[in-house]
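Whatever position you read off the sequence shown (first residue = 1), add 1 for my numbering.
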Amino acid sequence: MPHATTSQPSTILEEVQANQEVLRSRLAGALSSPPPNVPESSLPSVPLIDLAPSFSSSLAARHAVAAQIRQACTTSGFFQIANHGITDSATTNILAQAERFFHDLTPAQKDKLHIRHNQLFRGYEAAGDSYVNPDDSTETETETKEGFNWGYEPSLDPESTSASSYVELDGQPPSAPYRCNVWPDPGILPDFKSAIVAYYAQVLSLARHLFRLFALSLKLDETYFDALTTHPGGIGRLLYYPPQSPEQLAGKASKLGLGAHTDYECFTLLLSTSHPGLEILFPPTDVTGDKPIWRPCPLRPGTLTVNVADFLMRWTNGLYKSTIHRVVSRPVVSVDAATGQEVTKGSEARYSVPFFFSINYDAEVEPLPVEAVGESRFVKMKAGEYVLERLRATV
Ligand SMILES: O=C(O)CCC(=O)C(=O)O
Ligand SMILES: [Fe+2]
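If you want it as structure tokens, here you go:
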């Protein structure tokens, strides 16, 4: 990552460009399959962390979970969490409403909610409307994903207090026209907003809980980040990766759902259906001949996937890794029991609900203590300015 010396917007732009260079060089050297004779067990993977002890009143139990988080964050920055406390009904309902949104609304109804009507990327995106990896916008193949985006509102946050005044990515109040969240007509999707509201309240609370564990994992006071998450950034997204028929996949090992990227905020909490597609570019190790390697993210029903994002990576001075990932559709090859012949089927649909958690967008971010992360190499900036510049590079 670059050494920036001022907090002028041009410096953020330079940093965004430098980030893109890192992405390019990582992708250029990446392995798409393991080197010969390397056993599966020695390849990098995503650890599963049981969060149950982190809700205990025992500080030692919370420290033990924090130690596992530190281990994951200093290696690949990805981990999965079980017993996270989000209810099954909240996860089932939001995934069901995602399916209804993408299938039941007509193109005209979706278009009324299109992000081009909104200054803060709220609303619906069709396939090809945005490229999470700006380099992909010059390719002839578009990302297959469709999306629906919304952001934090005090009314969606059960812990919001009147003392905490939320500002948007650009430091301005949220309420002006064309900047607010947009929702489908309740006459068409009556249970949509309530499913979002229920899930969002729970994922927000879980994110604040995780931030306390991140604080412990960095040997900081457990409440270190609390004052910075009173009116946090929290962009939620519904994503739909349509199934691809064998014909659509013909001649290709994969079709791009969402380009290779790192996330921008502090960390992401990802809920998805149990369909494959998410792939992680694990950082180089001895086993891979010092090359980054693409590996599928494990499918563990009932878990959420957590990954460190760029702002936390910069804030921890590079100690916690923000790792490149993408979503691709691949053909499913199986062997027909009767004939013994290989049968190639298309890919199945995937739905996911990422939640991108940031500290308060208007917080002046001080470097973390030297004892925790060393002398910071990064320029100070507000979380909102940074995320906005990264989003602007994608459309
Ligand atoms: O859909 C997924 O599984 C991953 C989504 C993702 O990486 C993102 O939206 O940043
Ligand atoms: Fe992502």
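Glycine included, each C-beta is placed from N, C-alpha and C at the ideal position. The structure displayed is predicted, hence computed values, not measured ones.
Here Y387 carries a helix assignment [DSSP, helix/strand/coil]. When the alpha-carbon of L157 is set against those of L121, P191, I197, the nearest one is in I197. Using a 10 angstroms sphere on the CB of V23, the tally of other CB atoms stays under 16, which defines it as exposed. Note on geometry: alpha-carbon atoms of K383 and D363 lie some 6 Å from one another.
Contact between V388 and K146 does not hold, since the beta-carbon distance rounds to 20 Å and is not under 8 Å.
Three or more Cβ pairs drawn from the region 176 to 185 and the region 110 to 130 lie within less than 8 Å of each other, which places the two stretches in contact.
Using a 10 angstroms sphere on the CB of H104, the tally of other CB atoms stays under 16, which defines it as exposed. In the structure shown, L221 falls within a coil segment according to DSSP collapsed to helix, strand and coil. For D311, the enclosing alpha helix (DSSP H) has its first and last residue at 311 to 316. Excluding the 5 residues flanking it on each side, A128 has same chain C-beta neighbours closer than 7 Å at T143, E144, T145, K146, E147, in chain order. By the neighbour-count criterion, in which a residue is buried when 16 or more other Cβ atoms sit within 10 angstroms of its Cβ, F56 is exposed. In this structure, Y200 keeps its C-beta atom at 8 Å or more from the C-beta atom of T269.
Taking a cut-off of 8 Å for Cβ pairs, the region 350 to 357 and the region 289 to 297 do not touch, as fewer than three such pairs fall below it.
The C-alpha of T162 is placed about 29 Å away from the C-alpha of Q98. Per DSSP, P297 lies in no alpha helix (DSSP H) segment; the continuous beta strand (DSSP E) that holds it begins and ends at 294 to 297.
By the neighbour-count criterion, in which a residue is buried when 16 or more other Cβ atoms sit within 10 angstroms of its Cβ, N38 is exposed. For T269, the beta-bridge partners assigned by DSSP are N308, F357. Taking each of E223, E376, D171 in turn and checking the Cα distance to S58, the smallest one comes out for E223.
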